[in-house]
Structure formats: C-alpha cells, structure tokens
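Before any comments, here is the structure.
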Ligand code: ADP
Ligand code: MG
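This is the structure:
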C-alpha cells in the first residue's frame, strides 16, 4: 500500500536536507534577510542555537496574506515560472527553508511592510496558529526555539553548544566579510560578539579580526584576464596556527578551494615556517561560465573550468605583493603594513590609494575568453625540473609550457614560471665554504665573508638557529627520539571530548618521545618528554594541541612539534650581540655548507649578498 505522507512528515524528512543544525537555520534566515534587501541584520543565538535563534532585519517585510504562505513548503516569492530559474538572483528560491525549520521547532515570525501593520504568526512543529496583529518596526523578525524538540533522534546528532556556536560564529564572520555593506549585529547568549556598520570591507575586517589585524595586511585589488582579485593579505610576519583564518569568496560566495589555497600558500612559500598559515580574506570575481558552484549545494566547494589560469593569476599577484617586485604597485591598494619585511620599500603614491573600496571596477584589459585564446597551454607533463608547488602536486601536476607566441602583455604564467625559476636559483646558491674568506664581524651580529667580487653578510643568530633546527628535525624524523623522564609527572585533566581526542593521539605522542598514558577519569599522565624539548611548557603545548582539535578534528602533531623545535632552536642559538671567535665564525659557515639560500625557521634570510659593483655605485665610482 502506498501511503501518502502527511505534510508534517514530509517536512520532517525534507528538513534533513536544508536544516540539520543551528548553523543551517541561521544561514537560511540571514539569507532570507539579505534577499529581502535588509541593510541591518541582527542575529542572536542562545544555547549554541539549539535553544533559540533570532534574526531581525529591516528588509521589505511579509504582508499579512503572505505570512501563512511563508510556512508552506515550495512557497516562494522569488520564482514565478520555470524560466525564472535561469535568472534568479536571490540566495533562496526553493521556498522550503522556512517550512522545514518550522516543522522541527517552535517558530514565530513578526513582520511589517512599510505603510502596513505588523503581523505575527507562530507555529509549533509545523502546526500554525492564527495570524494576529502585532507591534514591530518595518522588517521581519524570525524566532526559532527548541530546534528538533519533536525529533529527538536528530537532536542527538547535534554537537555541544560550544561547537554549534562556533560554527554559527564562523559563518557570521563570513557574512560580515562578504556583505560589507550590511550592518550586522551578532549576539551569543546575550553578549555582543560582532558588530559591523555596513561601511565597507576594511571596517568589516576590523569588526571580525580587530583593527590591529587590518594594520598587518596588504590591501590588494587588480584584474587579470578578466578575473578580478581583491581583498586583504596578511604580511610576511603575520601568520596563523591554522587555516581557519583564510577566507575565500568566489563571486560573493564563501568557498574552500584547493587551487586558490595552494596558489596563496605557495606564494607565501619561504616566508612562513611549517605549520604556519597565511592570513587572507580574498575575493575572486570570475566569469560565471568558468566556475561551477554547484559541486555540492551544502558544501563550500567550487570548481573552476581552468584551474591553471586561476592558479597563475592568484599566485602571481600574491607573490608579487609579498616579494615586493615592480608589479606589486599595480596590485596594492594600500599598504597597511608599516614596515615591510622585504628589502625594497615600495613607495605608494598617495593618488593611487583608492578610498572607495571595492566599488571601483577597472575595465578588464583582456577578457577571460580572449586570454584563453591567446595562451595555449600544453599541460602534458614536461620532463626535468618541475616547479611543482607542494599542495598542487597532490591533486594534479602543475606543469605547463606556454607554447603560444608571447602576448604583448607578459602573462600570468610566464611571470609565475620566471618567479619560480628565480626563487629556485636563489635557493641553490651554494658556495664551497673553503673558498670564502672570513673578514670579520659587524655589530657583533653579522659575519662578513668575501669571495671574488661578492661579499656575504651572515646573521649569526639566524644561521645558528637554522642549523640547530635542522639537527633537531633530523633527529626527530629519523625516529632516534630520546625521552627525558620528568621528575614530577605532568597530569593533564581535560573534558571527555578532549580526552577521546588525546587518547587517539597517544601512539603518535609516544613515537615523538613523550611518555603518555591514560590516568583514570579523563586525565592523561605525561611522565617523559622528548629530549630536545626538555623545557617545553606542557600546559601551553597541550593547549595548542587541543585548540586545533576544534577546527580540525585532528592535528599534525609532528608539525606542532617542529614548531616547538624551532623555538627551542631559537633559544639555544647564539644571539646577535654575542661575540664569535674567528674559529667559531669559520665553523659556522662550514656547517652551513656554504648554503646562502638558507632561511631561519621563522623565514628570515640567513645571508645577504652584496656585490662589489653595488658598493662602487654607492661611492659613485661607477654609475
Ligand atoms: P526561499 O527563500 O527559497 O524563497 P524560504 O522558505 O526561505 O524560501 O522563504 C519563503 C518566503 O518567505 C520567501 O520567498 C519570502 O517571500 C518570504 N520571506 C522569508 N523570510 C523573509 C524575510 N526576512 N523578509 C521578507 N520576506 C521573507
Ligand atoms: Mg530562503
């Protein structure tokens, strides 16, 4: 017998698709407010959103007659005919969100259209009460209480209040960033968490990350081959312990994308040490025909028709800005960073600083289609040296050869390739230590070496730090780990979630030189630490391990340890200002094996080269 499902049951099933947690409730409600052209949106959540979610907007409101219809499945004001599907510009259009949410909660909508009265309508588990007149300002207020109160099985799938709240908060941060013209106010359990004023991206960035973060960013805006790139990039010294500080919006939509992620990460390359991630808030506007946003409707993924053109554009822009090459001027809107970590200072002509951001849209010099025609890519693997960026390799090889005659304008890929070559050349600069003459020490910090017409200045601290670090890493990764028993064991008491997480990491911890075991209840006992890390601050270390648990559900402990090794190396290395004897200076360069491309574990260069001719220019001996 075929049963016709009642409306309530249908909605309970259907709700599974759009509404599975507080996060999706908030998302749907805020998107509705945006669709209603609100300029001010307030979001309040309590109990991780399970207890209450309220979204208030000053948008166009819902009329008295439409109010009951808002609760109906497949009822939408945003589509009339099937043809509209091709031109729909709103975020929602299926008309099922409110019906789905109403079916699994206690929901109330109070709404007022301009010039009309305010009306209110409640529902409990999808059963509507009557429309009543209410008080309220223009706009709509939707309150959702006791999510899943009538579907206990689904309630069980929700995470802790803190975790659900975390997801909502992350999403709210993204709404603030991607809708900088809307003034958002966001409260968690009655406490103000974010407030933006609708006055632009910089302000939204400050609202989410704090004004000091803005100071540490480059603001960029450019257009390449019809692809517009703008946003903020953290400077070389501003990195974060995980990827949660990376936001990418493609055509206004938040996405996580490997290609762009790899391009940015590789552009930062040597500026960052392991387990540090760049900070960025980037916006890409690409022609709709080259991006497929519907990889999965609820997943933040996106697919580009041509990953290479996207990779090339992003990589060349980001690396130009970081490396301070001549192109950077073209890309930088403003340099919030007071002091650049690169050698060259880039003067930013005041006139170039645009204050209206991001409205001003330069006309594309070359459309995407034109660019594609002009460049023909040979993507078949080429032999020999492949400047394959790290992350990219996992997916597909990033190997290309521009076989078309070079267009007048140097294209992104040529630039990209030249950059990689240059970088490789720099990294390969190795000199036989025996051919270097030690010439003395400057400011008790820089050692001077001469070879032919070149002079090298070596930062003794950076060099020493690098060498110690290399030794520590070599020892750790060759598994010759030695443990140092502790006089007093360290007992870590954690909550049950953290405990479960740590227990899973125990084998790895032991492999790395810790002696750790379960210690009753939800405690872990640490009775030995890796020998190289005798002075490790265990509280801080496990704090970091656990803080990454939330965002990752897993962390590369080995990477975290490398981080610790780097700071251990830093502490152990000779400092600037400490005198080195000639013998010590010579043995340092021998240990470096004459590698002038080294960087300290924090990414600073170990050696700086100066040519005789550069000196002669300074003395005007030559011009
Ligand atoms: P959809 O957004 O896909 O149309 P929803 O179930 O989310 O479907 O909403 C149903 C309808 O309710 C919308 O089409 C819109 O007319 C109305 N509506 C919902 N929220 C709001 C709001 N905040 N302001 C004005 N109208 C709204
Ligand atoms: Mg909607």
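In this note's numbering, the protein residues as written are 916 to 1538. Cβ atoms here follow ideal geometry from the backbone N, Cα and C, with glycine treated the same way.
State the CB to CB distance for the pair residue i and residue j, rounded to an integer number of angstroms; the pair is presumed to be in contact (CB under 8 Å).
{"i": "residue 1020", "j": "residue 970", "result": "With a Cβ gap of about 13 Å, residue 1020 and residue 970 do not count as contacting."}
{"i": "residue 1173", "j": "residue 1195", "result": "With 8 Å as the limit, residue 1173 and residue 1195 do not qualify as a contact, their Cβ atoms being about 15 Å apart."}
{"i": "residue 979", "j": "residue 1046", "result": "6 Å"}
{"i": "residue 1109", "j": "residue 1121", "result": "In fact, because the Cβ distance is near 11 Å, the residues do not count as touching under 8 Å."}
Which residues mark the beginning and the end of the alpha helix (DSSP H) in which residue i is found?
{"i": "residue 1353", "result": "Per DSSP, residue 1353 belongs to no alpha helix (DSSP H); it is in the beta strand (DSSP E), 1352 to 1357."}
{"i": "residue 972", "result": "Counting along the chain, residue 972 falls outside any alpha helix (DSSP H), though it belongs to the beta strand (DSSP E) covering 967 to 972."}
{"i": "residue 1226", "result": "1222 to 1238"}
{"i": "residue 1176", "result": "1173 to 1183"}
{"i": "residue 949", "result": "937 to 950"}
{"i": "residue 1528", "result": "1527 to 1533"}
{"i": "residue 1119", "result": "1116 to 1124"}
{"i": "residue 1014", "result": "1012 to 1018"}
{"i": "residue 975", "result": "It is not in any alpha helix (DSSP H) - residue 975 carries neither H nor E in the DSSP assignment."}
{"i": "residue 1503", "result": "1497 to 1506"}
State the start and end residues of the unbroken beta strand (DSSP E) segment that holds residue i.
{"i": "residue 1132", "result": "1132 to 1139"}
{"i": "residue 1490", "result": "Per DSSP, residue 1490 belongs to no beta strand (DSSP E) and is neither H nor E."}
{"i": "residue 983", "result": "Segment 981 to 985 is the alpha helix (DSSP H) holding residue 983; no beta strand (DSSP E) there."}
{"i": "residue 1244", "result": "Here residue 1244 belongs to no beta strand (DSSP E); instead the alpha helix (DSSP H) covers 1243 to 1246."}
{"i": "residue 1168", "result": "1168 to 1170"}
{"i": "residue 1438", "result": "1438 to 1445"}
{"i": "residue 1162", "result": "1161 to 1165"}
{"i": "residue 1430", "result": "1430 to 1433"}
{"i": "residue 906", "result": "Because residue 906 is not part of the residues shown, which for the chain are 916 to 1538, the question remains open."}
{"i": "residue 958", "result": "955 to 961"}
{"i": "residue 1200", "result": "1195 to 1200"}
Can you say whether residue i is buried or exposed, counting buried as having 16 or more other CB atoms within 10 angstroms of its CB?
{"i": "residue 1419", "result": "exposed"}
{"i": "residue 1313", "result": "Because the pLDDT at residue 1313 is just 33, under 50, the model does not fix this residue reliably, and the point stays unresolved."}
{"i": "residue 1022", "result": "buried"}
{"i": "residue 1082", "result": "buried"}
{"i": "residue 1537", "result": "exposed"}
{"i": "residue 936", "result": "buried"}
{"i": "residue 1140", "result": "buried"}
{"i": "residue 1278", "result": "The predicted position of residue 1278 is uncertain, since its pLDDT is 37 and thus under 50; a value taken from the coordinates is nonetheless stated next. Result: exposed."}
{"i": "residue 1526", "result": "exposed"}
{"i": "residue 1505", "result": "exposed"}
{"i": "residue 1373", "result": "buried"}
{"i": "residue 1402", "result": "exposed"}
{"i": "residue 1535", "result": "exposed"}
{"i": "residue 1406", "result": "exposed"}
{"i": "residue 1449", "result": "exposed"}
{"i": "residue 934", "result": "buried"}
{"i": "residue 1190", "result": "buried"}
{"i": "residue 1521", "result": "buried"}
{"i": "residue 1105", "result": "exposed"}
{"i": "residue 973", "result": "buried"}
{"i": "residue 1094", "result": "buried"}
{"i": "residue 1484", "result": "buried"}
{"i": "residue 1354", "result": "exposed"}
{"i": "residue 1077", "result": "exposed"}
{"i": "residue 1410", "result": "exposed"}
{"i": "residue 1068", "result": "exposed"}
{"i": "residue 1408", "result": "exposed"}
{"i": "residue 1271", "result": "Confidence in residue 1271 is poor, its pLDDT being 33 and thus under 50, which makes the residue's placement unreliable; the coordinate value appears in the next sentence. Exposed: under 16 other Cβ atoms inside 10 Å."}
{"i": "residue 1206", "result": "buried"}
{"i": "residue 1376", "result": "buried"}
Output yes if chain C places a C-beta closer than 8 Å to the C-beta of residue i; else output no.
{"i": "residue 1383", "result": "As a matter of chain content, chain C is missing from the structure shown, which is built from one protein chain."}
Legend entry - Length-filtered (3 minimum) beta strand (DSSP E) runs lying within the stretch 1026 to 1110: Listed in chain order, they are 1033 to 1039, 1047 to 1049, 1054 to 1060, 1098 to 1103 and 1106 to 1110.
Inset, instruction - Please confirm if the stretch 1036 to 1048 is in contact with the stretch 951 to 958, defined as three or more CB-CB distances below 8 Å between the two stretches. - result: With the cut-off at 8 Å, the stretch 1036 to 1048 and the stretch 951 to 958 do not touch.
Inset, instruction - Mind the definition here: the stretch 1180 to 1187 touches the stretch 1232 to 1247 only if three or more C-beta pairs lie below 8 Å; say whether that holds. - result: As far as the Cβ criterion goes, the stretch 1180 to 1187 touches the stretch 1232 to 1247, which means the pair count is three or higher.
Inset, instruction - List in chain order: all unbroken beta strand (DSSP E) runs of 3+ residues lying wholly within the stretch 1352 to 1426. - result: If we require 3 residues or more, the beta strand (DSSP E) runs fully inside the stretch 1352 to 1426 come out as 1352 to 1357, 1361 to 1366, 1369 to 1374 and 1398 to 1408.
Inset, instruction - For the stretch 1148 to 1159 and the stretch 1239 to 1249, state whether three or more C-beta atom pairs, one from each stretch, are separated by less than 8 Å. - result: Segment contact: the stretch 1148 to 1159 against the stretch 1239 to 1249, fewer than three CB-CB distances shorter than 8 Å; contact not assigned.
Legend entry - contact_flag[the stretch 1514 to 1534, the stretch 1394 to 1411] where n(CB pairs < 8 Å) is 3 or more: Fewer than three pairs of CB atoms, one per stretch, sit closer than 8 Å, so the stretch 1514 to 1534 makes no contact with the stretch 1394 to 1411.
Legend entry - Meets three-Cβ-pair contact criterion under 8 Å: the stretch 1086 to 1096 and the stretch 936 to 946: Yes: the two stretches touch, three or more of their Cβ pairs being nearer than 8 Å.
Legend entry - the stretch 1099 to 1117 / the stretch 1048 to 1058 touching (three or more Cβ pairs under 8 Å): Contact fails: fewer than three Cβ-Cβ distances are below 8 Å.
Inset, instruction - Specify whether the stretch 1372 to 1388 and the stretch 1510 to 1518 touch according to this definition: at least 3 beta carbon pairs, one from each stretch, less than 8 Å apart. - result: Between the stretch 1372 to 1388 and the stretch 1510 to 1518 there are three or more C-beta pairs closer than 8 Å, enough to call the two in contact.
Inset, instruction - Assess, as a yes-or-no matter, whether the stretch 1445 to 1461 is touched by the stretch 1349 to 1363 under the definition of 3 or more beta carbon pairs within less than 8 Å. - result: The stretch 1349 to 1363, when compared against the stretch 1445 to 1461, does not touch it at the 8 Å Cβ threshold.
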